Amino acid sequence: MERRILAIETSCDETAAAVTQGRKVISSAVYTQKEHELYGGVVPEIASRNHILKIPYIVDEALCGADIQFSDLDAVAVTDGPGLIGALLVGVSYAKALAYYLKLPLIPVHHIEGHICSLFISHETLLPPFLCLVVSGGHSHIVVVEDYGKYRLLGKTRDDAVGEAFDKTARVLGLGYPGGPKLEVLAREGKPVYQYPRGFKGETHLDFTFSGLKTAVINHIHNMEQKGEVFNKADIAASFQHEAVSFLADNTFEAAVRERITKIGIAGGVSANGRLREVFGQRAKDAGITLYLPEMRYCTDNAAMIGCAAGFSEETKEPLTLNANASKMLFE
Ligand code: KG4
Ligand code: ZN
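Residue numbers for the sequence shown, in the working numbering: 277 to 608.
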């Protein structure tokens, strides 16, 4: 019988708890902090304070949703990094106290490993090896999932993450925070009529760069404003999105060819993007590749993915000394 795990995730601005058993999600509760909208981005101190206020209620919601009590649990899991240090510390401290009091094993989980495991929740039969594109507000990685808990990095962003580029471009377009989903909605009303430059053109590695794309959009807008040109913001959003998604797809499908892999997964907040899902779907079909996408509710931060990752992870031998690690590594 698989362990029944209470998982906790507080690495950024979502306070989340879930009860999982193997790949099965018994319940999942997520509170997305609205307080940051006022500031146009996540304010770390506000995030930490909100986690403290919300975490008991979110854990309660997860237990109620699973119709169980603390005494029915077999283990506690928590994201211990990477993320905002103050935010991570709330989840880690809470999980440590709970595991100590309940005399349960404590399983630390890497946030990115959690995102990758969201694919196991949504696809019961998915087995490693497969290629995974992890695209979030902090990461843009192409990873070979060689086995459970065994990863090999093929490419990553050298500057901004793609989600960060969506958020920053959305801010320039006056869309507010969180920008990614808002930019996607605006882009639906426009056409990708502008061609923004691709970084690393002609190079053979599989890394990304997104800060130049964001700067190209900013310069383009300023130029048009200075000349008094009338422009359609939706066309700019569509053009940005087109280039960002094409860059992700070009490198990911090239990685699949080089590795001779016919299974590609996408995980992380940006995997919720409809255009990205569409483009990857079409390219996978053309290349004879099977594409795995998380359900929408498991794309952005949640604790179900943390519980799923904990299902095949080791408990920490010294639970009381576990600390949050803002820049925890997953790859050598
Ligand atoms: O995985 P996630 O919830 O948190 C991190 O681990 O960073 O990802 C959040 C990121 C944000 O940058 C957000 O703008 C982006 O994912 N995102 C999207 C969409 N939904 C979320 N970007 C583009 N289109 C979307 N529909
Ligand atoms: Zn995330």
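All C-beta atoms in this analysis are idealised placements derived from N, C-alpha and C, irrespective of residue type, glycine included.
No experiment lies behind these values; they were computed from the predicted model shown.
With respect to A525, E465 sits apart: the two C-beta atoms are not nearer than 8 Å.
Ligand 1 has no heavy atom closer than 7 Å to the beta-carbon of D436.
Beta-bridge annotation (DSSP): Q558 is not paired with any residue. Annotation: the continuous beta strand (DSSP E) that includes P384 extends over L382 to H386.
Contact check for S304 against A338 passes: the beta carbons are separated by less than 8 Å.
When secondary structure is reduced to three states using DSSP, T576 falls in the coil class, being assigned neither helix nor strand. Short note on T433: C-beta not closer than 7 Å to any heavy atom of ligand 1.
For A463, the CB contacts under 6 Å within the same chain, skipping 5 residues up- and downstream, are A513, A514 and Q517 in chain order.
For T445, the uninterrupted alpha helix (DSSP H) segment begins and ends at V438 to V448. In summary, R428 is exposed, with fewer than 16 beta-carbon neighbours lying within 10 Å of its beta-carbon over all protein chains present.
The beta carbon of N527 lies closer than 7 Å to those of I418, G431, L482 and F484 in the same chain, with the five residues before and after it left out. A straight line joining the alpha-carbon of S287 with that of E505 spans about 42 Å. Checking the 7 Å criterion, the Cβ of D343 is out of range of every heavy atom belonging to ligand 2. Relative to ligand 1, the beta carbon of E608 is positioned no closer than 7 Å to any heavy atom. Relative to the Cα of A543, the nearest Cα in the group R434, S398 and G452 belongs to S398.
Remark: the C-beta of G504 is outside contact range of ligand 2, defined as less than 7 Å to any heavy atom. At a threshold of 7 Å, T592 does not count as near ligand 1, since its beta carbon sits no closer than that to any of the ligand's heavy atoms. For D577, the Cβ falls inside the 7 Å cut-off from some heavy atom of ligand 2. Not one heavy atom of ligand 1 is found less than 7 Å from the C-beta of V368. Bounds of the alpha helix (DSSP H) holding I497 are S487 to Q502.
Ligand 2 has a heavy atom closer than 7 Å to the beta-carbon of S412. Within the chosen limit of 7 Å, ligand 2 does not reach the beta carbon of H386 with any heavy atom. Taking 8 Å as the cut-off, the beta carbon of H391 is found no closer than this to the beta carbon of T355.
Ranking I284, K310 and A292 by CA distance to the CA of P454 puts K310 first. When the alpha-carbon of S522 is set against those of R536, Q558 and L395, the nearest one is in Q558. Looking at K379, A371 and V295, the one whose alpha-carbon comes closest to that of C340 is V295. Within the same chain, and ignoring the five residues on either side of G316 in sequence, the residues whose Cβ sits closer than 7 Å to its Cβ are R447, G452 and Y453. By the CB criterion at 8 Å, V318 and G439 fall outside the cutoff. C288 sits in coil when the DSSP states are folded into three classes, being neither helix nor strand. Not one heavy atom of ligand 1 is found less than 7 Å from the C-beta of H496. A residue is called buried when at least 16 other Cβ atoms come within 10 angstroms of its Cβ; N578 meets this threshold and is buried.
When beta bridges are read from the DSSP output, G357 appears opposite H386.
If you look at V410, you'll find it in the beta strand (DSSP E) that goes F406 to V411. Shown here, L282 sits in a strand according to DSSP, grouped into three states.
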